[in-house]
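If you number the sequence shown the way our numbering does, the last residue is 538 and the count never jumps. Backbone N, C-alpha and C fix where the C-beta goes; we use that ideal spot for every residue, glycine too. The structure displayed is predicted, hence computed values, not measured ones. Here's the structure, in structure tokens; my notes come after.
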Amino acid sequence: MISENKFAGENVKTADAALPEGEENKQKKRRRWDSNDIVLFAMASLSVVFLAVFAYAPLYGLALAFKEGDGWLNISKAISVAPWNGLDNFKAFFEDPDFWGILWNTLGLNILQLMINFPCPIIFAVLTAELISDKFKKFVQTVTFFPHFISWAVYGGIFLSLFALDTGLPALLQKAGLVSEKPNILGDPSYFWGIIIGTSLLKGMGWGSVIYVAAIAAIPTELYEAAKMDGANRFHKIFYITIPSIAPTITLFFILSISGLLNNGIEHLLVFQNTSNLERSEVLDTYIYKYGIPNFRYSYATAIGLLKSIISLLLLVSGNWVCKKISGKGIY
């Protein structure tokens with residue numbers, strides 16, 4: 207009994223002696239984590255400052271949508287001094303004879319891009335992941351990523367030269383005897399949507415597939431190995447492992463794409479837009495730009511931009527609600 211108590215006492219002393227050392231290690235880890243937190247918060251604060259300066263601070267300019275600020279050279283003064291006019295700017299937009307044509311072009315072009323340009327990066331990412339040769343895979347990714355880093359001024363200029371009526375593809379088709387009359391690809395309005403969708407797809411497909419490639423790379427290889435042992439071929443792996451695994455990522459970007467149905471962008475449209483194809487190329491973004499900057503109709507352009515943002519927000523909320531009802535997945 208004496209020896210047992212002796213050993214028990216030694217064990218208690220050993221445990222008591224080890225306790226402060228463990229506490230000290232925890233405190234060291236806690237101090238180290240706190241220092242890392244400082245770095246992380248510092249990095250996050252830069253993003254917060256950026257958003258505050260360039261996203262939230264300019265929001266006070268939305269007051270122009272309800273003021274008579276057209277024609278003012280000093281925008282800041284117009285925001286504070288210009289008289290209020292209620293919803294007159296919004297009414298003027300709805301009463302514009304070009305309203306329905308602009309809305310049709312905006313929605314039609316974006317819906318087609320959603321149907322064509324949205325699934326293509328997903329398909330490309332899945333097919334790229336199935337390539338066996340790593341060298342060839344890197345080559346394909348490099349070739350498809352490269353156009354993203356070229357500005358639309360340069361990239362669009364290449365296609366303007368390619369589709370030039372007298373020196374480009376139309377003249378080549380006529381010389382080859384394939385057509386009797388040179389097609390005016392850049393001037394015919396019926397070609398415009400196809401040009402925008404095709405050039406946007408070629409420029410952005412590689413870059414748009416980056417997120418999906420990363421999502422596919424995060425899928426555990428054990429799933430594919432188990433499927434192979436069960437006799438699954440490549441198509442089975444794609445449809446029963448790859449696609450379901452990246453479904454949350456697809457849902458996220460689909461909802462964001464729905465919210466952007468009124469956002470066409472402006473750079474690539476202005477590159478290919480001309481007076482001949484204006485009836486199919488004029489969308490909300492180009493309309494806002496033309497009235498807001500060259501014509502100094504700041505209040506009118508701000509009202510249209512605000513209306514577009516509100517509708518985009520409603521589309522985002524509605525799209526998220528529908529996706530959660532159908533698949534149980536959403537962005538929030």
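Sub-7 Å separation of residue i and residue j beta-carbons
i      : j      : result
Ile322 : Ile444 : no
Ile461 : Asn526 : yes
Asp276 : Tyr506 : yes
Asn311 : Pro395 : no
Ala263 : Thr508 : no
Ile308 : Tyr493 : yes
Ser463 : Phe330 : no
Lys344 : Leu337 : no
Ser487 : Phe398 : yes
Trp358 : Val477 : yes
Lys388 : Ala377 : yes
Leu392 : Val385 : no
Ala335 : Ile456 : no
Phe299 : Ile472 : no
Lys341 : Pro454 : no
Leu458 : Ile537 : yes
Alpha-carbon spacing of residue i relative to residue j, whole angstroms
i      : j      : result
Gly314 : Ala420 : 31 Å
Ile417 : Thr448 : 14 Å
Leu333 : Val346 : 11 Å
Asp243 : Val259 : 24 Å
Lys212 : Val245 : Reliability fails at Lys212, whose pLDDT of 45 lies under 50, so the model's placement of it is uncertain and the value that follows must be treated cautiously. The alpha-carbon atoms of Lys212 and Val245 are separated by roughly 51 Å.
Lys273 : Phe502 : 14 Å
Phe441 : Lys514 : 42 Å
Leu265 : Val254 : 15 Å
Ile516 : Val523 : 11 Å
Asp491 : Leu475 : 9 Å
Gly400 : Lys297 : 33 Å
Ala382 : Gly363 : 24 Å
Ala250 : Ala261 : 16 Å
Phe305 : Phe324 : 27 Å
Leu520 : Leu293 : 20 Å
Close-in-space but distant-in-sequence residues of the same chain around residue i (CB under 7 Å, 5 per side omitted)
i      : result
Lys409 : Pro353, His354, Tyr361
Pro327 : Met411, Gly414, Ser415, Tyr418
Leu429 : Ile447
Gln319 : Ile403, Ser406
Phe351 : Gly412, Trp413
Per DSSP, the bridge partner or partners of residue i
i      : result
Lys409 : Partner(s): none; Lys409 has no beta bridge.
Trp290 : Lys273
7 Å Cβ cutoff, residue i in contact with chain C
i      : result
Leu513 : Protein chain content of the structure displayed is limited to a single chain, and chain C is not contained in it.
Cutoff 8 Å; reference residue i; Cβ partners in own chain excluding five residues on either side
i      : result
Leu368 : Gly374, Leu375
Asn316 : Gly466, Leu467, Leu468, Asn469, Asn470
Gly267 : Ile281, Ile285, Thr508
Ser518 : Ser465, Gly466, Leu467, Leu468, Asn469
Lys349 : Per the sequence shown, residue 349 should be read as Val rather than Lys. The residues are Gly412.
Ser209 : Residue placement at Ser209 is flagged as unreliable, the pLDDT there being 46, under the threshold of 50; a coordinate-derived value is accordingly withheld.
Start-to-end residues for the alpha helix (DSSP H) that takes in residue i
i      : result
Tyr504 : 504 to 533
Ser367 : 358 to 368
Leu327 : Residue identity check: residue 327 is Pro in the sequence provided, not Leu. 325 to 335 is the span of the alpha helix (DSSP H), which, as asked, contains Pro327.
Ala475 : A quick correction: the sequence has Leu, not Ala, at residue 475. Residues 473 to 478.
Trp306 : 305 to 322
Lys388 : That residue, Lys388, is in no alpha helix (DSSP H); it is neither H nor E in DSSP.
Val346 : 340 to 351
Glu488 : Neither: Glu488 is in no alpha helix (DSSP H) and is coded neither H nor E.
His442 : 440 to 443
Val259 : That residue, Val259, is in no alpha helix (DSSP H); it is neither H nor E in DSSP.
Phe459 : 453 to 465
Glu428 : 427 to 435
Tyr418 : 416 to 423
Pro376 : 375 to 381
6 Å Cβ shell around residue i - same chain, five flanking residues per side excluded
i      : result
Glu485 : Pro395
Gln479 : Ser487
Ile425 : Ser451
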